[in-house]
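Written below as structure tokens is the structure these notes are about.
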Amino acid sequence: MEGESKPAAMGVQAAPKGKFRIPVDSDNKATEFWLFSFARPHMSAFHLSWFSFFCCFVSTFAAPPLLPLIRDNLGLTGKDIGNAGIASVSGAVFARLAMGTACDLVGPRLASAAIILLTTPAVYCSAIIDSASSFLLVRFFTGFSLASFVSTQFWMSSMFSSPKVGLANGVAGGWGNLGGGAVQFIMPLVFEVVRKIGSTDFVAWRVAFFIPGIMQTFSAIAVLAFGQDMPDGNYRKLHKSGEMHKDSFGNVLRHAVTNYRAWILALTYGYCFGVELAVDNIVAQYFYDRFDVNLHTAGLIAASFGMANIISRPGGGLMSDWLSDRFGMRGRLWGLWIVQTIGGILCVVLGVVDYSFGASVAVMILFSFFVQAACGLTFGIVPFVSRRSLGLISGMTGGGGNVGAVLTQVIFFRGTTYKTETGIMYMGLMILACTLPITLIYFPQWGGMFAGPRKGATAEEYYSQEWTEEERAKGYSAATERFAENSVREGGRRAASGSQSRHTVPVDGSPADV
Numbered sequence: 077m078e079g080e081s082k083p084a085a086m087g088v089q090a091a092p093k094g095k096f097r098i099p100v101d102s103d104n105k106a107t108e109f110w111l112f113s114f115a116r117p118h119m120s121a122f123h124l125s126w127f128s129f130f131c132c133f134v135s136t137f138a139a140p141p142l143l144p145l146i147r148d149n150l151g152l153t154g155k156d157i158g159n160a161g162i163a164s165v166s167g168a169v170f171a172r173l174a175m176g177t178a179c180d181l182v183g184p185r186l187a188s189a190a191i192i193l194l195t196t197p198a199v200y201c202s203a204i205i206d207s208a209s210s211f212l213l214v215r216f217f218t219g220f221s222l223a224s225f226v227s228t229q230f231w232m233s234s235m236f237s238s239p240k241v242g243l244a245n246g247v248a249g250g251w252g253n254l255g256g257g258a259v260q261f262i263m264p265l266v267f268e269v270v271r272k273i274g275s276t277d278f279v280a281w282r283v284a285f286f287i288p289g290i291m292q293t294f295s296a297i298a299v300l301a302f303g304q305d306m307p308d309g310n311y312r313k314l315h316k317s318g319e320m321h322k323d324s325f326g327n328v329l330r331h332a333v334t335n336y337r338a339w340i341l342a343l344t345y346g347y348c349f350g351v352e353l354a355v356d357n358i359v360a361q362y363f364y365d366r367f368d369v370n371l372h373t374a375g376l377i378a379a380s381f382g383m384a385n386i387i388s389r390p391g392g393g394l395m396s397d398w399l400s401d402r403f404g405m406r407g408r409l410w411g412l413w414i415v416q417t418i419g420g421i422l423c424v425v426l427g428v429v430d431y432s433f434g435a436s437v438a439v440m441i442l443f444s445f446f447v448q449a450a451c452g453l454t455f456g457i458v459p460f461v462s463r464r465s466l467g468l469i470s471g472m473t474g475g476g477g478n479v480g481a482v483l484t485q486v487i488f489f490r491g492t493t494y495k496t497e498t499g500i501m502y503m504g505l506m507i508l509a510c511t512l513p514i515t516l517i518y519f520p521q522w523g524g525m526f527a528g529p530r531k532g533a534t535a536e537e538y539y540s541q542e543w544t545e546e547e548r549a550k551g552y553s554a555a556t557e558r559f560a561e562n563s564v565r566e567g568g569r570r571a572a573s574g575s576q577s578r579h580t581v582p583v584d585g586s587p588a589d590v
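Each step along the sequence shown adds one to the number in my numbering, with nothing skipped, and position 252 is 328.
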């Protein structure tokens with residue numbers, strides 16, 4: 077980081093002044109987050125990503141709000157419902173891994189649109205199911221669409237700089253997850269409208285599935301028509317011009333699976349986002365059966381859990397950036413551990429207070445804020461684990477969320493082994509246990525929860541290990557080096573102030589010596 081000599085040697089160019097409406101850094105990543113703007117390409121990518129993920133969430137969890145009706149019409153048993161719930165989140169485990177690799181190789185725009193369009197037929201087919209097996213199959217294939225979460229997080233990490241990446245990932249992921257709450261309103265409402273028009277219950281719930289199908293279809297078309305992979309263009313153009321190195325699957329895979337931090341985050345994410353998925357599958361039926369409320373009331377209660385995402389997950393991302401501003405990466409790690417641990421405690425309490433309707437609703441809402449904020453905090457850390465394999469590591473983390481959901485439902489909510497309230501309590505204990513490995517995450521250049529950085533270690537050194545000397549000489553690691561320079565604040569205020577005493581980056585993104 078000696079002035080401009082190094083970036084110049086690597087062929088790094090700052091963004092021409094006025095190229096973007098939003099302020100950017102030397103890597104053309106946005107340094108501000110304009111929530112209500114559609115400024116291309118940064119904010120348009122944000123809105124396209126969260127809305128398409130929102131539509132996929134609506135499709136995946138369209139069945140649970142109408143489950144009492146579907147159960148009676150198809151003659152489903154508790155085991156059938158449990159298996160379908162598991163199927164809805166299990167397929168996305170491998171889909172998310174594939175999505176991460178696709179983002180690294182072809183870009184988030186094509187990867188996202190492809191998975192959304194490929195899973196849309198399963199949503200429409202939900203209207204013609206007539207057995208437990210067909211119900212399981214449509215839920216399984218529709219669940220693949222949740223892999224769009226990976227492209228959402230990858231896209232935001234590609235568009236926003238280190239000081240804003242936690243917030244961007246948190247808001248995009250949180251607003252996408254809102255689909256899990258909104259669908260609790262949407263499906264019963266559509267059902268009631270169709271029924272009042274003159275249809276029978278048997279027909280009305282089937283017609284209702286066309287709404288999420290249509291939403292998903294149009295969101296994919298919008299991503300293709302208006303999206304852009306990177307600040308400087310789409311992958312195809314950047315590969316063709318030589319501005320971006322076209323990587324191989326082998327290199328992407330190797331650097332992802334050999335980074336132990338990715339595996340720990342996949343585990344811990346399994347018990348924040350994974351728990352959220354499990355609760356989305358059981359919460360409406362739990363309140364319907366346990367407290368004898370009507371379908372509409374059960375849907376409202378379940379919706380409140382998912383709708384908390386409008387502020388909880390973004391709040392987690394914002395908290396991650398705030399902690400980083402004061403304490404660097406160590407602050408991000410401590411924040412994740414504390415928030416997710418509190419979420420685990422509240423989950424245990426939720427399982428214990430099953431004797432009281434009011435207490436159960438209150439604790440569930442409080443629990444939703446913490447478990448969803450932990451998701452936002454997680455993806456405040458993920459972008460710093462690796463640059464070369466960012467997509468696949470995002471996929472591993474996201475896939476870990478689905479693995480956690482599958483294991484939780486298989487162990488606690490499948491069949492009659494446990495009462496639902498008992499399963500919720502044990503799920504909370506699992507959260508507490510699986511959050512502990514966060515203490516093992518350590519970045520040599522920034523430190524970990526209980527240890528400071530290694531003397532002399534730098535971000536450049538950490539990220540350059542993913543590239544051979546020959547690849548660095550050819551300039552393939554240019555973007556990685558720019559990222560390392562822009563992530564100096566992860567060392568805390570002292571490291572950031574030390575860097576700012578040597579360099580500054582004006583609003584137009586052009587580097588200049590102080």
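Glycine included, C-beta positions come from ideal geometry on N, C-alpha and C.
Roughly how many whole angstroms lie between the Cα atoms of residue i and residue j?
i, j, result
"K95", "D101", "12 Å"
"A296", "S432", "43 Å"
"P264", "P520", "52 Å"
"G256", "E545", "47 Å"
"A360", "I487", "19 Å"
"D180", "V247", "22 Å"
"A139", "L212", "11 Å"
"F403", "N370", "48 Å"
"S120", "G309", "13 Å"
"L150", "L193", "28 Å"
"V226", "M235", "14 Å"
"V351", "I414", "17 Å"
"S462", "R330", "11 Å"
"S209", "F137", "17 Å"
"W281", "N335", "46 Å"
"A374", "N245", "30 Å"
"S207", "T153", "11 Å"
"Q576", "W110", "The pLDDT assigned to Q576 is 48, lower than 50, so where the model puts this residue is not dependable, and the model offers no usable value."
"K495", "G274", "38 Å"
Let me make sure I understand the geometry here. Which of the options has the alpha-carbon closest to that of residue i?
i, options, result
"T228", "V259, A187, F261, P197", "A187"
"N159", "S120, F325, V214, M175", "V214"
"A298", "L422, A189, R464", "A189"
"G176", "V479, T498, E547, R464", "R464"
"I146", "T276, C510, M306", "T276"
"E537", "G375, R558, A178, T153", "R558"
"I418", "T496, C510, Q485, L466", "C510"
"M405", "A332, P144, A535", "A535"
"P184", "D103, T195, G274, F302", "F302"
"S293", "I191, I273, M383", "Residue identity differs from the one stated: residue 293 is Thr in this sequence, not Ser. The residue with the shortest Cα to Cα distance from T293 is I191."
"H372", "L142, F109, E108, A115", "L142"
"V333", "A481, M383, D156, T473", "T473"
Do residue j and residue i have their beta-carbon atoms positioned less than 8 Å apart in this structure?
i, j, result
"S594", "S128", "Residue 594 lies beyond the range of the chain shown here (77 to 590); nothing can be said about it."
"F363", "I340", "no"
"R389", "L399", "no"
"V259", "L468", "no"
"M232", "F122", "yes"
"G242", "G471", "no"
"F445", "S563", "no"
"Q304", "P117", "yes"
"G476", "N357", "no"
"G392", "A450", "yes"
"K240", "D397", "yes"
"D430", "R366", "yes"
"A379", "F261", "yes"
"S113", "V199", "no"
Near residue i, what residues of its chain come up, given a Cβ to Cβ distance below 6 Å and the 5 sequence neighbours on each side ignored?
i, result
"L426", "V439, M440, F443, I500"
"R490", "G158"
"N385", "G250, N253, L254, Q448"
"L505", "none"
"N478", "V165, A168, V169"
"G524", "I517, Y518"
"E542", "H331, R464"
To which residues of the same chain is residue i closer than 8 Å at the C-beta, ignoring the five residues directly before and after it?
i, result
"G87", "Reliability of the predicted coordinates at G87 is poor, the pLDDT of 36 falling under 50, and the value obtained from them is presented with this limitation in mind. The answer, listed in chain order, is G551, A554."
"P513", "I340, L343, T344"
"F325", "T177, L181"
"S237", "V100, D101, D103, K105, A106, T107, N562"
Should residue i be listed as close to the ligand MG, given that the test is whether its C-beta is under 7 Å from any heavy atom?
i, result
"C451", "In terms of ligand content, the structure shown is empty, and the ligand MG therefore cannot be addressed."
Excluding five sequence neighbours on each side, which residues of the same chain lie with their C-beta closer than 7 Å to the C-beta of residue i?
i, result
"G411", "M395, S396, L399, L453"
"R337", "V461, I517"
Worksheet item: Between the region 212–226 and the region 166–174, are three or more C-beta pairs nearer than 8 Å?
Response: yes
Discussion item. Under 8 Å: do the region 198–209 and the region 270–286 share three or more Cβ pairs, one atom per stretch?
Written reply: yes
Fill in: Segment contact flag, the region 110–127 with the region 246–254, C-beta cutoff 8 Å, min 3 pairs
yes
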